[in-house]
Structure formats: structure tokens, C-alpha cells
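J.: Under numbering that gives the first Met the number 0, the sequence shown has 204 at position 205, and the numbering climbs by one with no breaks.
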Amino acid sequence: MANKVKEEPKKISVITPTFNSSYMLEKTLESVLRQDYLNLEHIIADAGSSDNTVELLQKYKIKYRQVGKNLIWISEKDNGIYDGVNKASEMSTGDFLLHMEDIFAYDHALTDMVEQLEKANADYVFGGLIYQLNGKIIRKWSGKPGNWELGFMMATPTLLYTRKVWEKHGPYSSDYVSENGQDASDYDFQIKLMKDKELKFISLPKPLVIYYAGGSSNNNFYYRWLCIKECQKVLRNNHARFPLFTNFCKTGIALFAYITAPRTIIELDEWMK
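1) Quick check on the DSSP output: the beta strand (DSSP E) that includes T250 runs from which residue to which?
2) Roughly how many whole angstroms lie between the Cα atoms of A46 and I80?
3) Using the C-alpha atoms, what's the distance from K196 back to K118?
4) Just the C-alpha distance for G127 and Q65, rounded to the nearest angstrom, thanks.
5) Counting Cβ pairs, one atom from each stretch, are 3 or more of them under 8 Å apart for the region 98-113 and the region 66-78?
6) Along the chain, where does the beta strand (DSSP E) containing I20 start, and where does it finish?
7) Kindly give me the distance between the Cβ atoms of W165 and M193, rounded to whole angstroms, as I take these residues to be in contact under 8 Å.
8) For I201, which option in T92, D122, T110, F255 has the closest C-alpha, if you only look at C-alpha atoms?
9) Closest to F151 by C-alpha separation, out of H41, A253, V13, F95, would be which residue?
10) Judging by CA-CA distance, which residue of L198, G93, C248, H98 is the nearest neighbour of L37?
11) Quick one, are the C-beta atoms of G142 and T161 less than 8 Å apart?
12) Rounded to whole angstroms, what is the Cα-Cα separation between A256 and H41?
13) Just the C-alpha distance for H273 and D50, rounded to the nearest angstrom, thanks.
14) Less than 8 Å between the C-beta atoms of I136 and A260, yes or no?
15) What are the boundary residues of the beta strand (DSSP E) that includes Y160?
16) Once DSSP output is grouped into helix, strand and coil, what is the label at D101?
17) Tell me, to the nearest whole angstrom, how far the beta carbon of I265 is from that of G134; I am working on the premise that it is less than 8 Å.
18) In whole angstroms, give me the CA-to-CA distance for F244 and G251.
19) When burial is assigned at 16 or more other CB atoms within 10 Å of the CB, is P206 buried or exposed?
20) In or out: G67 buried (at least 16 other Cβ within 10 Å) or exposed?
21) Quick check: A154 and F125, are their CB atoms within less than 8 Å of each other?
22) Would you kindly work out how many angstroms separate the C-alpha atoms of I209 and E6, rounded to a whole number?
23) With DSSP as the reference, label Q34 as helix, strand or coil.
24) May I ask you to report which of helix, strand or coil DSSP gives A44?
25) Throw me the rounded Cβ distance for the V31 and V13 pair, which I believe falls under 8 Å.
26) Can you tell me where the beta strand (DSSP E) with F151 in it begins and where it stops?
27) Assign K205 to one of three DSSP states: helix, strand, or coil.
28) Comparing alpha-carbon positions, which option in Q131, Q34, N85, H238 lies nearest T110?
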């Protein structure tokens, strides 16, 4: 009886946009490098950084090759974060896509996500996330599913989806102001997925990613207000039945999670080991 040939795991494309953020980029690169899922390409869309980003990418391209992974990057001006995400996604060749700019909570995260996705024969999977600021937990995302009309939003860095999903609902919309409403295009993409009754999902209610809070849209009330306005536009464009109510619920969920966060210290160096 002939031996069965073991099938190669399907390929994951991790998409990371960046601009003059080499400190955070190196943490992301190191985290992806440490993942035990090997059939992986990491595509970086750099918006023409003037720091040491290019040198960093050249160094890590060699490191990735040494462990059997592939690092692909471009460095050129773009029209914002989601233009970069779209460019990188169009360059990708993976069976699954994931957009993240942070670090995985453990080295088996991508393997867990793919295994659960394939076991459930689903189209996308998402899970839990920990927000940290200056080493303290300021919000936790459970990873449990919810109703988007009641303000639910998936944690974008944990959202792994099939190429079929991207081809059906991509690219990310450029109709929203990414600098002032950082999660609006993410939100738009997610609503399209959650409204699509033909798509099947699976959730992992445990931390998969650690998110580094600290950007302007996270710390500045003015930018947060503009983000709310952009999300209101998203809801109207996606024909939400009660867009104002949904946006109120979404904002309330985020505010409640922030207020009730434990503020405990998270040992980031331990997470990177």
C-alpha cells in the first residue's frame, strides 16, 4: 500500500502597513518570525519611511529565510494606511490573510487559528485581544461573537480570513479618513463579512494578539470623536437599520471596556519569549 503524501499546510499572508515606526515594526517582525506556523509570507507596505525601517527589513528578510519563511516588502509613498494594506494584500499569494501591526500573544497563535478554521470549515476566524499602554492592560477583547447591530466589532489583528473572503469583500474602502477614523475602514470590511450570510465563522475566546495602544487616534479625544463620525458614515453606507443606535452601542462597549479594565502590569518581555 502506497504511503500517503502529507499535504503542505496552506499558506498565510500576514499584512503589515508601517511608516516611521521601526521600533514597533521590529516587535511585529520578531513576533511573526517566532510563530511556529512555517508556510507563511509576511508582506510589509512601508509608506516611504525616513527612519531605519528599510535597513530593518533587509536584516529580517535574511532572518525569515533562515527559518523557511518569506518576508516581502515595498517602500514607497501611499495614500494612507489602508492604501498600504490594499497594496500588500494584492501582492499576497496566501490561502489566508491577516492584517496586523502588533505582536501575537503566544508562538502557536497562527497555528491555532488555522486549525480551528479548517476544523470548522469556516471562512474566517477571530479571537481575543489585549490592549496595553505603557505596560498596563487598558482593555480586553474577549473574542466571543456578538451582534454587529448592537455595536459588536471583531478585533482586527485577530481576524484571519480566506482568499475567497478577500476576493468577495476586499479591498478596504478609501472612503474613510484613516488618520482621523483609524478603525472605520476595518469596521466597514467587518460589517460586510458579518452581513454576508453565506460566510461561516469561528471564534477563539482567548487572547491571540497584544495590541500596542498609543497612536494619536487612541489618545486624543478630538480624533476619537472624528472616528465615531467616520463609523457613523460606515453604518449608513452599509444600510444599518438604526445607525445612530448601533454607533452608540459600539462607543459604549469600548468605553465600558476601558473603564473596567484591570490596569494590571503585563510583562511584555515575557510575552515575546
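We treat Cβ as the ideally placed atom computed from N, Cα and C, and that holds for glycine.
T.: On the basis of the coordinates in this document:
1) For the purposes of this step, residue 250 is taken as the residue at position 251 of the sequence shown. Element bounds for T250: not the beta strand (DSSP E) but the alpha helix (DSSP H), 242-258.
2) Position 47 of the sequence shown, counted from the first residue, corresponds to residue 46. Position 81 of the sequence shown, counted from the first residue, corresponds to residue 80. The alpha-carbon atoms of A46 and I80 are separated by roughly 8 Å.
3) As a position in the sequence shown, residue 118 is number 119, starting the count at 1. As a position in the sequence shown, residue 196 is number 197, starting the count at 1. Roughly 19 Å between the two C-alpha positions.
4) Mapped onto the sequence shown, residue 127 falls at position 128. Mapped onto the sequence shown, residue 65 falls at position 66. Each residue's alpha carbon lies about 30 Å from the other.
5) no
6) To locate residue 20, count along the sequence shown from 1; it is residue 21. The identity of residue 20 in the sequence shown is Ser, whereas the question assumes Ile. Counting along the chain, S20 falls outside any beta strand (DSSP E), and DSSP gives it neither H nor E.
7) Here residue 165 is taken as the residue at index 166 of the sequence shown, counted from 1. Here residue 193 is taken as the residue at index 194 of the sequence shown, counted from 1. With 8 Å as the limit, W165 and M193 do not qualify as a contact, their Cβ atoms being about 15 Å apart.
8) Translated into the one-based positions of the sequence shown, residue 201 becomes position 202. For I201, the nearest C-alpha among the options comes from D122.
9) As a first step, residue 151 is located in the sequence shown; it is residue number 152 there, counting from the start. When only C-alpha atoms are compared, the closest one is A253.
10) As a first step, residue 37 must be located in the sequence shown, where it is residue number 38. For L37, the nearest C-alpha among the options comes from G93.
11) Counted from its first residue, the sequence shown places residue 142 at position 143. Counted from its first residue, the sequence shown places residue 161 at position 162. Cβ distance not < 8 Å, so G142 and T161 don't count as in contact.
12) Here residue 256 refers to the residue found at position 257 when the sequence shown is read from its first residue. Here residue 41 refers to the residue found at position 42 when the sequence shown is read from its first residue. Looking at the two C-alpha atoms, the distance is approximately 31 Å.
13) Not covered by the structure: residue 273. The range shown for the chain is 0 to 272.
14) Taking the sequence shown and counting its residues from 1, one reaches residue 136 at position 137. Taking the sequence shown and counting its residues from 1, one reaches residue 260 at position 261. Yes, the pair counts as a contact, with Cβ atoms nearer than the cut-off.
15) Counted from its first residue, the sequence shown places residue 160 at position 161. Where Y160 is concerned, the enclosing beta strand (DSSP E) stretches over 159-161.
16) One-based indexing of the sequence shown puts residue 101 at position 102. If DSSP states are grouped into helix, strand and coil, D101 belongs with coil.
17) To locate residue 265, count along the sequence shown from 1; it is residue 266. To locate residue 134, count along the sequence shown from 1; it is residue 135. Yes, they are in contact, since the Cβ atoms of I265 and G134 sit about 6 Å apart, within 8 Å.
18) Working through the sequence shown from its first residue, we reach residue 244 at position 245. Working through the sequence shown from its first residue, we reach residue 251 at position 252. When rounded, the distance between both Cα atoms is 10 Å.
19) Numbered from 1 along the sequence shown, position 207 holds the residue referred to as residue 206. With 16 or more Cβ atoms within 10 Å of its Cβ, P206 is classed as buried.
20) The count along the sequence shown starts at 1 and reaches residue 67 at position 68. Looking at its Cβ environment, which holds fewer than 16 other Cβ atoms inside 10 Å, G67 is exposed.
21) Along the sequence shown, one-based indexing puts residue 154 at 155. Along the sequence shown, one-based indexing puts residue 125 at 126. Yes, the pair counts as a contact, with Cβ atoms nearer than the cut-off.
22) Counted from its first residue, the sequence shown places residue 209 at position 210. Counted from its first residue, the sequence shown places residue 6 at position 7. Cα-Cα distance, rounded: 31 Å.
23) Looking up residue 34 in the sequence shown gives position 35. Here Q34 sits in coil by DSSP.
24) Locating residue 44 in the sequence shown gives position 45, where the first residue counts as 1. Here A44 sits in strand by DSSP.
25) The residue you call residue 31 lines up with position 32 of the sequence shown. The residue you call residue 13 lines up with position 14 of the sequence shown. Contact flag correct, Cβ pair sits at about 6 Å.
26) In the sequence shown, the residue the question calls residue 151 occupies position 152. Taken as a continuous stretch (DSSP letters only), F151 belongs to no beta strand (DSSP E), as it is neither H nor E.
27) The sequence position of residue 205 within the sequence shown is 206, counting from 1. If DSSP states are grouped into helix, strand and coil, K205 belongs with the strands.
28) Within the sequence shown, the letter at position 111 stands for residue 110. Closest by alpha carbon: Q34.
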